[in-house]
Amino acid sequence: MKNLTFVILYILLSGVQTTFGQNETDIIVGSKFVIKSSILNEERTCLISIPDSYNDSTEVAKKYPIIILLDGYTHFKTASGIVHFMSSNRNRNNLMPESIIIAIENVDRERDFTVTKIKTKRPNTMGGGRNFLNFIEKELIPYVDENYRTEPSRTLIGHSLGGLLTLNSYMDKNSVFNAYISIDPSIWWSEEMMKNKVDSISSTSFNKKLYIATANQGKASYERNKKRHDYLYELITKKSEEPLNVEIKYFDKENHRSVPLIALYEGLIYINQEN
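Its first residue numbered 1, the sequence shown is counted upward by one per residue in the UniProt record's numbering.
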């Protein structure tokens, strides 16, 4: 908890642009780029944060893992502060390697984060999740690899419906990611589909790390949230006789909105620790 306090303070400081003195310059947390997607037939805006050492003249040959962050505008500053705190040589925490963060801003969450439709009274655009993952894997990541010094170590992080898409990516044997952090995922969206996917999961997924964070959504939502998360974890662990690289953690004192902060920190610790 002491470390988490430092993380929160660091995030607050990281997000501030300073004008304390005439010779001071702004503290830049990240920058923005736009990529034209043929798969989605639209332009997508991404925020990017690069490590301190990236522009160091003595580190020109160094390559970096990448983190793809869903709901990018919402979580970019938080994730950037946490990753910097955990990896920067200035802090000497060495809890994870310095990493490049690519945060994708939203256009249509229901379309992009769901792979199935549910019936609604209003017209909806649901079910485009597979297409969105194709955009990430076949357009966005190649673009980042071409324009930045990256290594083939990739983490996908999503919250809520983004957490649901993260789980779908984990269970896809062709996924290009090595690790996944699914924060309070909306399994209720299509529970039967998730069960079927676990039934057909391949050993490829079991070789990758998955961290699931569950928030306390109250007694009224127990059946809808925590119980479903626990059941999914149980299904996954029953699929293999070997020890799995999967961890689930329940945050009793956090709700759906507050849990991303602590889940990002603890999830990154889990996926970066040695087996």
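Glycine residues also receive a C-beta, built at the ideal position from the N, C-alpha and C atoms.
Residue i, DSSP secondary structure in three states
| i | result |
| --- | --- |
| K173 | coil |
| G218 | coil |
| V16 | In this prediction, V16 scores a pLDDT of 45, lower than 50, which makes its location untrustworthy; no coordinate-derived value is stated. |
| I271 | helix |
| S49 | strand |
| Q22 | In this predicted model, Q22 has a pLDDT of only 44, less than 50, meaning its place in the structure is not dependable; the value taken from the coordinates is given anyway. In the structure shown, Q22 sits in coil (DSSP, three-state: anything other than H, G, I, E or B). |
| P260 | helix |
| A79 | helix |
| E241 | coil |
| residue 349 | Past the boundaries of the shown model lies residue 349; the chain is included only from 1 to 275, so the question cannot be answered. |
| I236 | helix |
| S87 | helix |
| S99 | coil |
| E223 | coil |
| Y54 | helix |
| R92 | coil |
| R228 | helix |
Residue i vs residue j beta-carbon contact at 9 Å
| i | j | result |
| --- | --- | --- |
| I141 | V176 | yes |
| T155 | I181 | yes |
| A215 | V259 | yes |
| S160 | H229 | no |
| I136 | M171 | no |
| I100 | V144 | yes |
| G72 | F113 | no |
| I187 | N131 | no |
| K249 | E234 | no |
| G162 | L232 | no |
| K197 | N178 | no |
| I35 | E139 | yes |
In DSSP terms, what residue i is bridged to
| i | result |
| --- | --- |
| R44 | I35 |
| Y64 | T150 |
| L210 | Y180, V246 |
| F251 | A215 |
| I104 | C46 |
- prompt: Do three or more CB pairs link the segment 150–158 to the segment 63–77 at distances below 8 Å?
  reply: Flag = yes, the segment 150–158 and the segment 63–77 touch.
- prompt: Can you list the beta strand (DSSP E) stretches of 3 or more residues lying completely in the segment 127–208, in chain order?
  reply: As for any beta strand (DSSP E) of minimum length 3 sitting wholly inside the segment 127–208, the runs are 150–159, 179–183, ordered along the chain.
query: Is it true that the segment 110–128 meets the segment 25–32, where meeting means three or more beta-carbon pairs spaced less than 8 Å apart?
result: Per the Cβ contact rule, the segment 110–128 is not in contact with the segment 25–32 (fewer than 3 Cβ pairs under 8 Å).
field: At least 3 beta-carbon pairs within less than 8 Å: the segment 49–56 vs the segment 119–133
entry: At 8 Å Cβ cutoff, the stretches do not touch.
task: Please confirm if the segment 79–91 is in contact with the segment 159–170, defined as three or more CB-CB distances below 8 Å between the two stretches.
output: The segment 79–91 vs the segment 159–170: no contact.
field: Three-pair Cβ contact test at 8 Å for the segment 260–275 versus the segment 182–196
entry: Yes, since at least three Cβ pairs between the segment 260–275 and the segment 182–196 fall closer than 8 Å, the two stretches touch.
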